[in-house]
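Below is one structure, written out as structure tokens, with a few remarks after it.
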Amino acid sequence: MKKIVYLEPYFPKGQFILGIFVVLSLICFSSLYLIDLGTKTQDVRLANAQLRAQELAGFTEVDAVEIFNGQNSYTTVFTKDRALILNTQQEQVALVDLTQGASRQEAEALAAEAAGGAPIQASRLGYDQDKVVWEVRSGTDYYLIDFKDKKLIRKE
Numbered sequence: 001m002k003k004i005v006y007l008e009p010y011f012p013k014g015q016f017i018l019g020i021f022v023v024l025s026l027i028c029f030s031s032l033y034l035i036d037l038g039t040k041t042q043d044v045r046l047a048n049a050q051l052r053a054q055e056l057a058g059f060t061e062v063d064a065v066e067i068f069n070g071q072n073s074y075t076t077v078f079t080k081d082r083a084l085i086l087n088t089q090q091e092q093v094a095l096v097d098l099t100q101g102a103s104r105q106e107a108e109a110l111a112a113e114a115a116g117g118a119p120i121q122a123s124r125l126g127y128d129q130d131k132v133v134w135e136v137r138s139g140t141d142y143y144l145i146d147f148k149d150k151k152l153i154r155k156e
């Protein structure tokens, strides 16, 4: 009588490990590419805003560029004493003399008072409902401060 020999199933461990490594590498590098692509879009938007500010308002030196996301998205380009607010089509919405309204510190102080002394995380100049406003963030709350009147408009 013949003896039956059972063979061990062959499992290629090396190929399995290599396959897992390739899949994980692909996921990792794809994620990094998408993050890089997202930041490049933002960088291009900020650079275009600076060029547009030079064309529209004659800004020669730009101090800062910020993005305001309210009901619509606006890009604000700052110089020492002026700010230009552009919409998403890079069209001028408002040219603001920063000495004629609430300063960033005044807006933050008003918001801190309304927030009961909670710390302020950020503040941005933008445009909301046909008014130039400061948007001040404290925790999860946003406070809109009217630039001209130096008053709290609303809490969001």
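Every letter in the sequence shown is one number past the one before it in the UniProt record's numbering, and letter 152, counting from 1, is 152.
All C-beta atoms, glycine included, are put in the ideal place defined by N, C-alpha and C.
Being a predicted model, the structure only gives us computed values, none of them experimental.
Please state the DSSP three-state secondary structure of residue i.
{"i": "residue 117", "result": "coil"}
{"i": "residue 97", "result": "strand"}
{"i": "residue 128", "result": "strand"}
{"i": "residue 76", "result": "strand"}
What does a CB cutoff of less than 7 Å around residue i pick up in its chain, not counting 5 residues either side in sequence?
{"i": "residue 122", "result": "137"}
{"i": "residue 48", "result": "90"}
If you check the beta carbons only, do residue i and residue j fall under 9 Å apart?
{"i": "residue 85", "j": "residue 33", "result": "no"}
{"i": "residue 146", "j": "residue 131", "result": "yes"}
{"i": "residue 62", "j": "residue 50", "result": "yes"}
{"i": "residue 98", "j": "residue 82", "result": "yes"}
{"i": "residue 37", "j": "residue 67", "result": "no"}
{"i": "residue 148", "j": "residue 100", "result": "yes"}
{"i": "residue 73", "j": "residue 60", "result": "no"}
By a C-beta neighbour count over all protein chains shown, 10 Å radius and 16 as the cutoff for buried, is residue i buried or exposed?
{"i": "residue 22", "result": "exposed"}
{"i": "residue 135", "result": "buried"}
{"i": "residue 133", "result": "buried"}
{"i": "residue 118", "result": "exposed"}
{"i": "residue 102", "result": "buried"}
{"i": "residue 156", "result": "exposed"}
{"i": "residue 143", "result": "buried"}
{"i": "residue 96", "result": "buried"}
Quick one: what's got a C-beta closer than 6 Å to residue i's C-beta in the same chain, skipping five residues either side?
{"i": "residue 115", "result": "138"}
Starting from the C-beta of residue i, find all residues in its chain whose C-beta is less than 8 Å away, skip the five residues before and the five after it, and write them out in chain order.
{"i": "residue 151", "result": "110, 145"}
{"i": "residue 18", "result": "none"}
Given 8 Å, three or more beta-carbon pairs between the stretch 71 to 88 and the stretch 101 to 118: With contact defined as three or more Cβ pairs closer than 8 Å, the stretch 71 to 88 and the stretch 101 to 118 are not in contact.
Any 3 or more C-beta pairs closer than 8 Å across the stretch 53 to 72 and the stretch 88 to 104: Put simply, the stretch 53 to 72 touches the stretch 88 to 104. At least three CB pairs are less than 8 Å apart.
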